[in-house]
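Encoded as structure tokens, the structure appears first; notes follow it.
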Amino acid sequence: MKFLPLLLANLGRRKLRTALTVGSFAVALFLFGLLATIDNAFSGGVEVAGVDRLVVINKVALIQPLPFSYRDRLRRIPGVREVTFASWFGGVYRDEKNFFPQFAIDSATYRSVFPEFVVPDPDWRAFLSDRQGCVVGESLARRFGWKVGDRIPIRGTIFSGTWEFNVRAVYRGRRPQDDTTQLWFQRAYLEEKGPEWGRGIVGWYTVKIDDPDHALAVSRAIDEGFSNSAWETRTQTEKAFAASFVKQMGNIQLLILAIGSVVFFTLLLVTGNTMAMAVRERTPENGVLKAVGYPDSFILLLVLAESLLTAAVGGGLGLLGAELFARRGDPTGGLLAMFFLPARAVAAGVLAALATGLLAGLLPAASAMRLSVVDALRRV
Amino acid sequence: MVRVDGGTNGDSLICARALDKVYRRGAEEIHVLRGLNLDVSRGDFVAFMGPSGSGKTTLLNLLGGLDVPTAGTVTVGGDEITSLSRRQLTRWRARHVGFVFQTCNLIPVLTAFRNVELPLLLTPLRRAERRAHVETALRIVGLEDRMDHFPRQLSGGQEQRVAIARAIVADPDFLLCDEPTGDLDRRRADEIIDLVSLLVRDYGKTVLMVTHDPRVAERAGVVLHLEKGALQEAAHVDAA
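Chains as they are written, first to last, in our numbering: chain A, 1 to 380; chain B, 1001 to 1240.
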């Protein structure tokens, strides 16, 4: 601590240069945080997927339905604890830009299969008692300013006509990464008001199993049970199902890695150059420090500490900016449901900033350390 | 008592024997010091004079453990410093030598107080103890009222006095001054040399000083001339 005034004084001697270097770190880490947030928004579903849940879809394609009658057959398969289902509604609220998912759900089983979504019991009972009732996620409610008791008109695109829903409950997620941008309503309403062709079918089933270790065996048993039928199934873990969605978007992680690498490499060069200039300017001073008894290792550590402090302050500001940006919510209006900066991204950002600071300071620090006192003093 | 003939004083603080220093520039060898001998007793005030390139600063660097000789030995207070490693030399300098350079080499972003405190940060002294030492050193050089000033807020003479305070703050065995008045006008130079003389006279410091200025050299107890890599017999001996 007693050397802190020297460290801070060194950083303060060229305020503009220090500010610009800190700014470079801040911008780079803001970008890193933003990219990590976007990556998380795309792949977050994979990570939060229940390990004890399987998704059963039509073998032909997800958009092809499955018979409602499969529900009871699925329940009888050994290892299956509970079965629920949902159908994609695909409606539009006011404007097509206002995208959010709407599901017609099996209200009797949905909450037990997805315990991470929390709905107060009285509100849930109100939902069950209203055929036109719906439950909305808290992010969605916040986005449109909805509250319990509001009436929402949604124009159907698959199921034509305008559908009126009464908000009966708002659900929240137990974890920050849980998707709270959905709207659920009772399948009975869809059956009642929907077209003839939509009756007796569901979009997909979600199966809760007894033991995650038996996921493969249960998946096989399900698919074999419906093979050679008119509605063959494809069963996979919820994680694999979510991952296949992400994959459709392309290799986002590679793209983010490439952008991030370029940014950090540029930052390394900029900071390295700055530190080299700073150390070169102070060569005689470092000579004096060595002359009065400061060891070479102290000079090395002093330069490295300066570089690390710059990286830590700039990186911290950048990550703070990214966190504040993410807190404002999904900027795409529904495409990136899980838009938040995950803690592991913050940790990775801090590590990346410190590693860049360390690498950038290493060469100038080593040259300052190696310089002999006599040579340093000669450069007055 | 100062001797340059290789004989011993018996109570020498600094003892250099057969010092050689050779610099190599490519294939060329430059012999700066050749078999130089020197004995300096505690409390001596020695001035080194000589033409540019005669090796005055090189000699000072060797005596202060800033550089190592090509051959020969330097013994200070019974410790042969020429056998110490770079790290050991650094530690030794911190305990035994105070340096004053021609250009003051103060850290421009630190106050006079912080500049003087620098050598003490390497000691186990507590903050209050360090403060007391720094205030004493600044009082000796007459700048106790300037301790919160930055170097840019001080005159050249005041800067050099801060550098002297930094050199004496850890109470070293001896001071090495390399042209301490070289950048100053006559009046400021006299003030600095008065101060150095005071350190010798009142505080018993041993001072070895390089200078080009005969008037400054006159103030030393002993003036030695360095020519062709060797010291000439003492040109002037007087009480400091």
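C-beta: ideal position from N, C-alpha, C; glycine also.
Check, Outcome
"CB contact flag (residue 276 of chain A, residue 364 of chain A, <8 Å)", "yes"
"Contacts around residue 181 of chain A, its chain only, beta-carbon distance under 8 Å, and the 5 residues preceding and following it disregarded", "100, 101, 137, 139, 140, 143, 330, 334, 337"
"Counted within 10 angstroms of its Cβ, other Cβ atoms place residue 133 of chain A as buried (16 or more) or exposed", "buried"
"Short-range partners of chain B found in the segment 276-307 of chain A, where Cβ spacing is below 9 Å", "282, 284, 285, 287, 288, 289, 290, 291, 292, 293, 294, 295, 296, 297, 298"
"8 Å Cβ cutoff, residue 13 of chain A in contact with chain B", "yes"
"According to DSSP, residues forming a beta bridge with residue 1230 of chain B", "B:1227"
"Closer than 8 Å to chain E by CB, residue 40 of chain A", "The displayed structure is made up of protein chains A and B, and chain E is not among them."
"Beta-carbon spacing of residue 168 of chain A, residue 106 of chain A below 8 Å", "no"
"Beta-carbon proximity check, residue 360 of chain A vs residue 300 of chain A, cutoff 8 Å", "no"
"Alpha carbon of residue 233 of chain A to alpha carbon of residue 246 of chain A, nearest angstrom", "21 Å"
"Contact set for residue 112 of chain A: own chain, Cβ-Cβ below 6 Å, skip 5 residues either direction", "82"
"Where residue 23 of chain A falls: helix, strand or coil (DSSP)", "helix"
"Beta-carbon proximity list for residue 1056 of chain B, same chain, < 6 Å, skipping 5 on both sides", "1048, 1050, 1210, 1226"
"For residue 228 of chain A, three-class secondary structure by DSSP", "coil"
"Beta carbon proximity, residue 1008 of chain B to chain A, threshold 8 Å", "no"
"Residue closest to residue 1176 of chain B, alpha-carbon to alpha-carbon, out of B:1159, B:1196, B:1187, B:1186", "B:1196"
"Inter-residue Cα distance where the pair is residue 1093 of chain B and residue 29 of chain A", "44 Å"
"Alpha helix (DSSP H) segment containing residue 1156 of chain B, residue limits", "1156-1168"
"Three-state secondary structure (DSSP) of residue 1219 of chain B", "coil"
"Per-residue DSSP class, three states only, for residue 159 of chain A", "coil"
"Contact under 8 Å by Cβ, residue 1100 of chain B with residue 1174 of chain B", "no"
"Ordered list of beta strand (DSSP E) runs contained in the segment 100-164 of chain A, each at least 3 residues", "102-105, 133-137, 151-155"
"Within chain B, the residues that residue 374 of chain A reaches when beta carbons sit closer than 8 Å", "1061, 1066, 1067"
"Beta-carbon spacing of residue 1016 of chain B, residue 1071 of chain B below 8 Å", "no"
"Host alpha helix (DSSP H) of residue 271 of chain A (start-end)", "252-281"
"Complete runs of the beta strand (DSSP E) confined to the segment 1068-1099 of chain B [at least 3 residues]", "1071-1076"
"Contact check, residue 356 of chain A vs residue 206 of chain A, beta carbons under 8 Å", "no"
"Simplified DSSP assignment, three categories, for residue 1107 of chain B", "coil"
"Cβ-based burial, residue 1058 of chain B [other Cβ within 10 Å; buried from 16]", "buried"
"Delimiting residues of the alpha helix (DSSP H) encompassing residue 303 of chain A", "296-327"
"Residues within the segment 351-375 of chain A neighbouring chain B, beta-carbon criterion of under 9 Å", "372, 373, 374"
"Sequence-distant residues of the same chain with beta carbon closer than 7 Å to residue 1113 of chain B, five excluded per side", "1134, 1147, 1148"
"Limits of the unbroken alpha helix (DSSP H) element including residue 1193 of chain B", "1186-1203"
"Simplified DSSP assignment, three categories, for residue 219 of chain A", "helix"
"Contact residues within the segment 1107-1128 of chain B, judged by C-beta distance below 8 Å to chain A", "1107, 1108, 1109, 1110, 1114, 1118, 1119, 1121, 1122, 1127"
"Chain-ordered neighbours of residue 1094 of chain B on chain A, where CB pairs are closer than 7 Å", "292, 293"
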